[in-house]
Amino acid sequence: MKITGNWLNLCVSNLKKSEDFYSKIGFEIKKNEEMLDKMLGVQTADGHIIMLIEQQQFKKAANVNDTTNNGALVSVSVSTSDEVDELLDLVDDTNGKVLQRGTKLEGFYGGLFSDPDGNRFNIIAM
Numbered sequence: 001m002k003i004t005g006n007w008l009n010l011c012v013s014n015l016k017k018s019e020d021f022y023s024k025i026g027f028e029i030k031k032n033e034e035m036l037d038k039m040l041g042v043q044t045a046d047g048h049i050i051m052l053i054e055q056q057q058f059k060k061a062a063n064v065n066d067t068t069n070n071g072a073l074v075s076v077s078v079s080t081s082d083e084v085d086e087l088l089d090l091v092d093d094t095n096g097k098v099l100q101r102g103t104k105l106e107g108f109y110g111g112l113f114s115d116p117d118g119n120r121f122n123i124i125a126m
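Letter 20 of the sequence shown, counting from 1, is numbered 20 in UniProt numbering, and no numbers are missing.
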């Protein structure tokens, strides 16, 4: 298995204010027309994307009720759904905690886990 990418997801309370802020400090705004009211990306100069996710959507995607203690969800991608399941099995075997087994959500196959410190990760087949 090969991790093929990663990006950072940040929970925001007001997507429009966040868009304005990030565009003003030099980030390029990237929008998906299907998700305009839920999330948008801000791109760094080196091409990395940080996703800004509206609070209610973030709670759903990260499977959390309280975003004040862990307002970030680190996402990693792999090539296939089998690799999602393989990584989640590895998490089980290495002191991590599987929070959601591989499932299809919002058109993607993925799962959720936390590392031993409680940092949350989303793994998606892309």
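Beta carbons are placed, not taken as given, at the ideal position from N, Cα and C, and that holds for glycine.
* **Reduced DSSP category for Val98 - H, G, I as helix; E, B as strand; rest coil** => DSSP places Val98 in the strand class (E or B) of the three-state scheme.
* Three-way DSSP call (helix, strand, coil) for Ala45 in this model -> coil
* Asked: Taking the C-alpha atoms as reference points, what is the distance between Gly96 and Ser114?
  -> 6 Å
* Asked: Going along the chain, which residues of its own chain have a beta-carbon closer than 6 Å to the beta-carbon of Ser77, five neighbours each way excluded?
  -> Thr4, Gly5, Ile124 and Met126
* Asked: Which runs of the alpha helix (DSSP H) fall wholly inside the UniProt domain "VOC" (4-126) and span at least 4 residues, in chain order?
  -> 15-24, 55-62 and 81-93, all fully within the UniProt domain "VOC" (4-126).
* For Asp93 and Glu19, the rounded distance between their alpha carbons -> 40 Å
* To do: Go through its chain and collect everything with a Cβ distance to Leu8's Cβ below 6 Å, but skip five positions before and after it.
  => Ile50.
* Asked: For Ser79, does the count of other Cβ atoms within 10 angstroms reach 16, so buried, or fall short, so exposed?
  -> exposed
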